[in-house]
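Residue numbers (the working numbering), protein chains in the order written: chain A, 67 to 743; chain B, 2 to 54.
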């Protein structure tokens, strides 16, 4: 009776999934409700978790409830602590959910809502969740080792080196892209710039309050910080309407870039308790609350999507970024479908908190499904906008022209109606001077989110407050990624330089702190400056570069995972990680080829450099394009090296010429199971 | 009630209040400025603040 009840329940979920997917895929020329996307996503995730996740847990990985985890064996009350599965789930989700799943889907919406949605669902269930799940289990079975350590142990020194080089490269590009999104969102926006500037003294106040007045009371301090941030949003309106104050916060892109570079250096060099830690707490507090609020807003409002399922830009002529649907949609949406960066979290803090192996499916597979749902919500936020409005916000001046009249003419010529008057009214309703050419995804997401929120709470009268709340929310956690990432990059450089000269490796020696902070900030600052000066808006060249780097890191993680699975089972089950790995290699290598060699100057770095050189263009721009081509080439070369080394290993293992030796810790029976028995 | 307790526990872990409590228990110190300062130094050594994109 019980099993037949279950059968009918899952058959109903499958029916719902298929019918919602059919609705979003087959409707052409008609607008559909956002709830179809949410229903398709939730049902697909439920099926993926229940069936594919369970198959991997039982057959491929053989999760063993009797095996003691490192959290139990090495418990030290510090980093190794057996923790409740829901607590680890929340902790892991808070660490993996960043700005990526919000920005990528907004940019990919230029192809229509369908390609992004399908890639987010399929990519997450068969790629991203699998990567996070298997890397987490393999790290747990290796005493919580990091991805680079596992690569070195399982594939050899080449694997370790490639993993290290990939991590540092992705970090530099990621930080530059994050900074560029903030610059594009805050340029010429006194309200936004004031609010974000205020978060710095608020964080310092929180740091002092936590350290001096109420040590350890982080939740209480974060709640106070949140109230102060809300006051800063309200104060931003006053600042933008007071000419004497507004002039100090109406900043050009270059001025903002310099300010953010200085901020990144300060956050890396200052004591962690003063700026970085309180900002991290504040950002997490706002992030968790806003994501929950957005989910409720979408369900309550169930808005209609105005973006068509597919747009004409699948042919590669899109204004947001150039390039055809394949491969560019698949590198534009990384987080939300599959993100290599997650493998660093899955082999970082999380494996040291896992209490039982059987809880890994919930944490590894489940948390990634939630992140994927965030990406679906971002798709909804972008697609509730009228397409004309979406393209007016996201198209750079280099494509649609500097003036409003010129821009609406070009966009209307594409078949997406928009008028200068409607854009002016929208800008006024959100308290901005203009919304044209606000590339980077963040302003479009903020307008979409404000549209959803203001229709559920407060109406049009508070649209400006919601818009700036959404902008603050994005900028706050993008800057948190920026300062935490700069610090992590500093540690990595110190670690590497410490092998050359020991004092440079000392994390508390100030000359080393200052020089390595300057080095990492200079690296991402260079790419940021390049993006700010780019006539095509910067996102066109930097976001694909970031997508390629992130997906290549996922390829590194899946290479390590495939090697371990082959050592465990031979060829049986290797497809579980080999299939997403093959897809990622095809996508990233094709995208890299286009980005380097494509004859269209909007896509290929080298052809753009050639075009600029022939027109007697700026020498710096020509150099930057060639540099981007070299960076892409180096990333591909590194991963090719790892692939060759991995394939050599796999062939040796499968032919029996190589002995399958894993670096897995020996089995120790859990005491927790005994206690339970 | 149980759900609220679990939610509170999750938030305490995310915001490192639980880690601070464990630190005080392990070191045998009471909550205060000095213990919180050494807790922050300890967290920095562990390097737990990686945030994804």
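Cβ atoms here follow ideal geometry from the backbone N, Cα and C, with glycine treated the same way.
Chain-order list of residues whose beta-carbon lies under 6 Å from that of residue 374/A (same chain, five-residue window excluded): 178
(message) How far does the alpha helix (DSSP H) with residue 157/A in it extend, from its first residue to its last?
(response) Unbroken alpha helix (DSSP H) run through residue 157/A: 151-162.
How about residue 208/A: is its C-beta nearer than 9 Å to some C-beta of chain B? no
Selected residue, minimal CA-CA separation from residue 174/A, among 147/A, 376/A and 140/A: 376/A
| task | Would you mind telling me which residues of chain B sit closer than 7 Å to residue 160/A, beta carbon to beta carbon, in chain order? | result | Against chain B, a Cβ distance below 7 Å from residue 160/A picks out 15.
Check your understanding: What's the C-alpha gap between residue 157/A and residue 466/A?
Key -> Each residue's Cα considered, the two are about 43 Å apart.
CB contact check: residue 384/A to chain B, cutoff 9 Å | no
- request: Closer than 8 Å by C-beta to residue 37/B: which residues in its own chain qualify, once you throw out the five before and the five after it? Chain order, please.
  value: 21
Practice item. Step through the CB atoms of chain B and report whether any lies within less than 9 Å of the CB of residue 116/A. Key: no
**Message:** Against chain B, does residue 565/A count as a neighbour if the rule is that its beta carbon must be under 9 Å from one of theirs?
**Reply:** no
> What did DSSP end up calling residue 70/A once you bin it into helix, strand or coil?
Replying inline: DSSP places residue 70/A in helix when its eight states are reduced to three.
Subject >> Residue-level contact to chain A via CB, residue 29/B, 9 Å cutoff >> reply: no
**Q.** Under 8 Å (Cβ pairs) to chain B, residues found in the region 277-288 of chain A
**A.** Look at the region 277-288 of chain A: the residues with a C-beta under 8 Å from a C-beta of chain B are 277, 278, 281, 282, 283, 284, 285 and 288.
Extract the residue ranges of the alpha helix (DSSP H) inside the region 192-257 of chain A, only unbroken runs of 4 or more that lie entirely within it.
195-206, 213-221 and 223-252
What are the residues of the region 349-374 of chain A that lie near chain B, defined by any Cβ-Cβ distance shorter than 7 Å?
350
In whole angstroms, give me the CA-to-CA distance for residue 731/A and residue 416/A.
17 Å
ask   = If the cut is a Cβ gap below 7 Å, which residues of chain A does residue 23/B touch?
value = Neighbours of residue 23/B across chain A, judged by C-beta separation under 7 Å: 143 and 147.
Report task. Give me the Cα-Cα distance between residue 184/A and residue 496/A, rounded to the nearest whole angstrom. Result -> 32 Å
Checklist entry - So, helix, strand or coil for residue 566/A, using DSSP? => result coil
*Using DSSP with H/G/I as helix, E/B as strand and the rest coil, what is residue 99/A?*
strand
Exercise. For the region 307-354 of chain A, list the alpha helix (DSSP H) runs that are entirely contained and at least 4 residues long, ordered along the chain.
Key: With a minimum length of 4 residues, the unbroken runs of alpha helix (DSSP H) contained wholly in the region 307-354 of chain A fall at 309-315 and 319-335.
So for residue 743/A, helix, strand or coil by DSSP?
Confidence is the limiting factor: at residue 743/A the pLDDT is only 46, short of 50, which leaves the residue's position unreliable and the question unanswerable from this model.
Using the C-alpha atoms, what's the distance from residue 433/A back to residue 11/B? About 14 Å.
**Message:** Measuring only the C-alpha atoms, how far is residue 53/B from residue 305/A?
**Reply:** 33 Å
inquiry  = Quick check on the burial criterion: 16 or more other C-beta atoms within 10 angstroms. Buried or exposed for residue 345/A?
reply    = buried
Taking buried to mean at least 16 other C-beta atoms within 10 Å of its own C-beta, is residue 743/A buried or exposed? Residue placement at residue 743/A is flagged as unreliable, the pLDDT there being 46, under the threshold of 50; the coordinate-derived value follows with that caveat. Residue 743/A is exposed by the Cβ-count criterion.
| query | Taking the C-alpha atoms as reference points, what is the distance between residue 347/A and residue 284/A? | reply | 7 Å
**Report entry** Top-ranked residue by Cα proximity to residue 275/A, from 552/A, 340/A, 211/A and 221/A
**Finding:** 340/A
(message) For residue 563/A and residue 104/A, what's the separation of their Cα atoms in angstroms?
(response) 48 Å
For residue 649/A, does the count of other Cβ atoms within 10 angstroms reach 16, so buried, or fall short, so exposed? buried
DSSP state of residue 736/A, grouped into three classes? coil
key: In chain order, each alpha helix (DSSP H) run of at least 4 residues that lies wholly inside the region 575-658 of chain A   = Entirely contained in the region 575-658 of chain A, the alpha helix (DSSP H) runs reaching 4 residues are, in chain order, 576-599 and 605-635.
Taking the beta carbon of residue 577/A as the centre, do at least 16 other beta carbons fall within 10 Å, making it buried, or is it exposed? exposed
Going along the chain, which residues of the region 317-343 of chain A sit with their C-beta nearer than 8 Å to a C-beta in chain B? 338, 339, 342 and 343
Count the other CB atoms, across all protein chains shown, that sit within 10 Å of the CB of residue 300/A; report buried if there are 16 or more and exposed otherwise. exposed
Practice problem: Quick one: list the residues of chain A neighbouring residue 32/B, beta-carbon separation under 7 Å, in chain order. | Solution: 281 and 282
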